[in-house]
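Oh and the sequence shown: position 301 is 352 in this note's numbering, straight run, nothing missing.
The beta-carbon is built from N, C-alpha and C at its ideal position, and this holds for glycine as well.
This one's a predicted model, so the numbers in the text were calculated from it and none came from an experiment.
Let me begin by presenting the structure, written as C-alpha cells, before commenting on it.
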Amino acid sequence: METVPGRARVYVAGVTVCACVLVLPSAPSPASLPSPGVGPSAWAVALLAVLYAAGELPARRRLAGTFYPVLLAGAFLLPPPAAALVAVPGALLSHGPRRGVLLRRVWRAAQLVVAVWAAARTHGALGGRDAVAAPDFPWALAPAGAAVLVFCLVLAVLDTGVLALAERAPVARTWRAVFAHSLAPVAVHGLAGLMMAVLWRSPYGPVAALLVLLPMYVSWWVFAQYHRERAAHRATIRALVQAVDIKDGYTRGHSERVGRASMMIARELGLDEDRVEVLRLAGILHDVGKLGVPTRLLRKDGPLTPEERRVIELHPEYGHEITRGISFLGEARAAILHHHERLDGSGYPYGLSGTQIPECARVVAVADAFDAMTSTRTYRRARPVAAAVQELRRCAGAQFDPTMVEALIRALAREGWHPAVTAEEPEREPAVPRPRRASRSRGRPGVHR
Numbered sequence: 052m053e054t055v056p057g058r059a060r061v062y063v064a065g066v067t068v069c070a071c072v073l074v075l076p077s078a079p080s081p082a083s084l085p086s087p088g089v090g091p092s093a094w095a096v097a098l099l100a101v102l103y104a105a106g107e108l109p110a111r112r113r114l115a116g117t118f119y120p121v122l123l124a125g126a127f128l129l130p131p132p133a134a135a136l137v138a139v140p141g142a143l144l145s146h147g148p149r150r151g152v153l154l155r156r157v158w159r160a161a162q163l164v165v166a167v168w169a170a171a172r173t174h175g176a177l178g179g180r181d182a183v184a185a186p187d188f189p190w191a192l193a194p195a196g197a198a199v200l201v202f203c204l205v206l207a208v209l210d211t212g213v214l215a216l217a218e219r220a221p222v223a224r225t226w227r228a229v230f231a232h233s234l235a236p237v238a239v240h241g242l243a244g245l246m247m248a249v250l251w252r253s254p255y256g257p258v259a260a261l262l263v264l265l266p267m268y269v270s271w272w273v274f275a276q277y278h279r280e281r282a283a284h285r286a287t288i289r290a291l292v293q294a295v296d297i298k299d300g301y302t303r304g305h306s307e308r309v310g311r312a313s314m315m316i317a318r319e320l321g322l323d324e325d326r327v328e329v330l331r332l333a334g335i336l337h338d339v340g341k342l343g344v345p346t347r348l349l350r351k352d353g354p355l356t357p358e359e360r361r362v363i364e365l366h367p368e369y370g371h372e373i374t375r376g377i378s379f380l381g382e383a384r385a386a387i388l389h390h391h392e393r394l395d396g397s398g399y400p401y402g403l404s405g406t407q408i409p410e411c412a413r414v415v416a417v418a419d420a421f422d423a424m425t426s427t428r429t430y431r432r433a434r435p436v437a438a439a440v441q442e443l444r445r446c447a448g449a450q451f452d453p454t455m456v457e458a459l460i461r462a463l464a465r466e467g468w469h470p471a472v473t474a475e476e477p478e479r480e481p482a483v484p485r486p487r488r489a490s491r492s493r494g495r496p497g498v499h500r
C-alpha cells in the first residue's frame, strides 16, 4: 500500500464514496422484503452474491480475470442498487497480491459496484427487464448489448483513471488498450448473463439459470489454460534469448530486432498472422544454437582459424536440436537450421540452393543480415540503413532471395528502422581500438555474421 501515490488513493476513495452512495439506499429492511419472484428480494440478491463469490475466488486464484456472467445477470434481473450489491462480497474476498491487498479489494468492489449500477440503469431504461421477462427475442439483445457496452466502458474509464494517477500512464492510449482488451470477453459473459436472466424468470426458476454457469465456467477454464500456455511459450522464448545474450554479449538485443524485421517481411509478403508469428519466433531464436558454441570463440577478437569457423558454423544445427522438443515453433525450426544457407548453394550447414531453402529461412536470412549491418558493435560501427539496403540488393540472387529483400525494403520505406547498440562498451581502456573480428560466415565479409 505504501507504494500507491496519494493522488491515486484519493481517486480510489472518491470512487468508493460514489459506490456507497449508489448501494446504500437499496439496503432493504426485514419488514419490507418482497416475496420471492417479485422485485429485488433479499434471497435473490444473496444467491447471486454467493454465486459470484463462488466463481470469483477460484477464478482470481487459478485462472485469470473476473467471472462476469453472474454480475451481468444481476444487472438484467434487479434494479440498479440491488444489482450493484451482488458484486461486493466476491470483490472484498477476492485473491490478490499481498502488498496493498485491502486497498485493492476496496477498489475492485467500488469499481464493480459503479459499473454494474450503470449497466443495470441502462438496461432498465431501455426496457430490458420486460424483454427478459417475456422473453422477447431478438429485441432482448439490444438493451442487454447496450448494458454490456456501458459496463465495459465504465470499467475501462475507472481503470484508466487509476493507472494514469498511480503509474502516470498516458490516458488516451491506456483507455483504448483497456477497452479493446476487455470488450470481447465481457460481451461473451454478457450473453451468458442474459441466458441466466431469461431462465431465472422462466417457469424453471433459478435452478435452470445455474445450469448456464457450468459450461460457461468450463469454457472459461479452457480459455484461461490457453493463455497460460501462451504465457509459458513466451517465457520459454525469453529464457532462451536471454541465455544467448548473456553468452554472446556482442549481439545483445540482436535476436529481438531480427524477429521484428522478419515480421515486417512476412507481413509485406501478405502471409497470414499465424505464419507471421512463426517467422517472428524464428527470427528471435535463429541464433539459439550459439548456446552450444564455446564462449571463447563467440567472444574472440582476433581472426578465426578455419577449425574455429567450422565450430561456429555448427550453431544452426545446435539450434535445431535445442528446439526439437518445442512443438509450438513449427516451421520456425527450419529457419533456425537453414538461415545461413545461400541461394547460390555456398552457404551452410547443408549447401542448399534456390527454392530448396525453406521460405522461412530465406526471410530470416535477410532480416539477420540487415540487422547485423545496421547495428553498432564494439568491434565496428553500424552501416547506415541506406548502405545496408544497397548491400542487400547487391547480394540479392546470390546470397539472398530478391523477393525477401524487396519486401524488407518496402516495409522499411513505410515503417522506418531504429538501429541500436547491441553490445556493451568494453570496461577497460575504451579509447584503445579493438582488433577487427573476422566474418563468421562463408561468403562476403561484412554482409552477414
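Boundaries (first-last residue) of the alpha helix (DSSP H) holding residue i
i, result
"residue 444", "436-446"
"residue 347", "346-349"
"residue 369", "366-373"
"residue 127", "120-128"
"residue 388", "383-389"
"residue 399", "Element bounds for residue 399: n/a, residue is neither H nor E."
"residue 357", "357-363"
"residue 307", "305-319"
"residue 193", "192-218"
"residue 329", "324-336"
"residue 154", "152-176"
"residue 62", "57-74"
"residue 131", "131-136"
"residue 410", "410-425"
"residue 262", "Note, residue 262: premise wrong, no alpha helix (DSSP H); not H, not E."
Supposed close pair residue i, residue j - CB separation, criterion 8 Å
i, j, result
"residue 553", "residue 209", "Nothing in the structure corresponds to residue 553, since the chain is present only between 52 and 500."
"residue 269", "residue 243", "Contact doesn't hold; Cβ gap of about 12 Å is too wide."
"residue 331", "residue 310", "5 Å"
Spatial neighbours of residue i in its chain, beta-carbon cut-off 8 Å, leaving aside the 5 residues before and after
i, result
"residue 68", "none"
"residue 101", "140"
"residue 345", "362"
"residue 404", "392, 393, 394, 395, 396"
Contacting residues, own chain, Cβ-Cβ under 7 Å from residue i (five flanking each side not counted)
i, result
"residue 253", "259"
"residue 195", "127, 174, 179, 241, 245"
"residue 453", "447"
"residue 113", "Note that residue 113 scores a pLDDT of 49, beneath 50, so its modelled location is shaky; the value from the coordinates is reported in the next line. For residue 113, where only same-chain residues beyond five positions count, there are no Cβ hits under 7 Å."
"residue 339", "291, 295, 370, 373, 374, 387"
"residue 104", "140, 141, 144"
Per DSSP, cross-strand counterpart(s) of residue i
i, result
"residue 451", "447"
Contacting residues, own chain, Cβ-Cβ under 6 Å from residue i (five flanking each side not counted)
i, result
"residue 70", "161, 164, 165"
"residue 170", "126, 198, 201, 202"
"residue 476", "Bear in mind that the predicted position of residue 476 carries a pLDDT of just 39, short of 50, making it too unreliable to give a figure here."
"residue 388", "367, 371"
"residue 248", "124, 127, 128, 183"
"residue 398", "391, 392"
"residue 172", "131"
"residue 63", "158"
"residue 250", "259, 260"
"residue 343", "369"
Distance CB(residue i)-CB(residue j) smaller than 7 Å
i, j, result
"residue 455", "residue 393", "no"
"residue 386", "residue 411", "yes"
"residue 335", "residue 306", "yes"
"residue 421", "residue 312", "yes"
"residue 132", "residue 205", "no"
"residue 191", "residue 182", "yes"
"residue 59", "residue 217", "yes"
"residue 461", "residue 324", "no"
"residue 501", "residue 167", "With the chain covering 52 to 500 only, the question about residue 501 has no answer from this structure."
"residue 297", "residue 459", "no"
"residue 223", "residue 214", "no"
Interface flag, residue i vs chain C, CB-CB below 7 Å
i, result
"residue 157", "The chain labelled as chain C is not found in the depicted structure, where only one protein chain is given."
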